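Numbering (this note's numbering), first residue to last: 4 to 110.
By construction, the Cβ of each residue, glycine as well, lies at the ideal position given by its N, Cα and C atoms.
Here the structure is a predicted model, which is why all the values come from computation and not from measurement.
Okay, so here's the structure we're looking at.
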């Protein structure tokens, strides 16, 4: 089952270690939110604002980050394997410490 919340305002929210598996956070404002160690497998973060969000050690396996804003996001150890990263700068994600797909894997 997918959980959906239209345009949620989650600025500065503490969602550390939250289980947000398959959550639909399309267009969510997660500016400055703490999502460290959160489980976001299969989550939809399409056009989400993740500016300055802490995603360290978060599991975003299979998540859809198409068009998501990530300036200043903390991504060290974030797992983005199998994630949809359309519109994202893969090299910048790698430099920020995220575990991203190789050229042979889906982006």
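Segment limits, alpha helix (DSSP H) that includes residue i
| i | result |
| --- | --- |
| residue 98 | 93-98 |
Simplified DSSP assignment, three categories, for residue i
| i | result |
| --- | --- |
| residue 77 | strand |
| residue 52 | strand |
| residue 46 | coil |
| residue 30 | coil |
| residue 14 | coil |
| residue 72 | strand |
Residues bridged to residue i (per DSSP)
| i | result |
| --- | --- |
| residue 87 | 67 |
| residue 102 | 82 |
Closest by C-alpha distance to residue i, when choosing among the options
| i | options | result |
| --- | --- | --- |
| residue 41 | 61, 27, 94 and 11 | 61 |
| residue 17 | 83, 99, 92 and 56 | 56 |
| residue 64 | 10, 102 and 91 | 102 |
| residue 67 | 54, 50, 80 and 75 | 50 |
Inter-residue CB distance, residue i and residue j (contact presumed, cutoff 8 Å)
| i | j | result |
| --- | --- | --- |
| residue 73 | residue 91 | 7 Å |
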